[in-house]
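In my numbering, the protein residues as written are 1 to 177.
By construction, the Cβ of each residue, glycine as well, lies at the ideal position given by its N, Cα and C atoms.
Take a look at the structure below.
Here you go:
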């Protein structure tokens, strides 16, 4: 991308590689690449790339325990996705935001955010993302000691992940039991 002076593709590569580094726990590299992507996307005024990169940074900061920075990044991503009504992107942001609110023990906000994600998933037919939203909702109920609700929602989640053959999702649901 640099060789061809394609700034958007360079930023996309930085953002996606930064995202890949999150799972490897290479957080400094991830942050560096994502921040590089943000600077390019801002200069190019490329809102789609900004939203995805803010979402990636939100995940990174959540995993790194930098929760206030995570909240800022995830809220920024959701705000960008709401402007042109990019519902598919917004679902991803809301799923990650509900997970963050569970980590912060802001359970009523986590539940409301997960429910909004579920509604959007229902509109879009985004089944696998719906499973993640339900998983966050089940976790919210579990953290609130509302075990019967948590078990009921976890059962729905398990059914979604079984139908999607999403094994890591099933593993996460079973971790709730």
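Quick one: Cα of residue 170 to Cα of residue 3, how far?
-> 43 angstroms
In chain order, each alpha helix (DSSP H) run of at least 4 residues that lies wholly inside the region 9–59 = 27–44
With residue 111 as the anchor, note down where its alpha helix (DSSP H) starts and where it stops.
-> 107–124
Are residue 160 and residue 134 close, meaning C-beta to C-beta below 8 angstroms?
-> yes
Would residue 129 pass as a contact of residue 173 if the rule is Cβ separation under 8 angstroms?
-> no
Euclidean distance between Cα positions of residue 176 and residue 53 | 29 angstroms
On the three-state DSSP scale, how would you describe residue 86?
-> coil
Endpoints, alpha helix (DSSP H) assigned at residue 104 | First-last for residue 104: undefined, no H or E at that position.
Residues near residue 41 by beta carbon distance below 7 angstroms, same chain, minus five either side = 11, 49, 50 and 53
Residue 58 vs residue 43 beta-carbon contact at 8 angstroms | no
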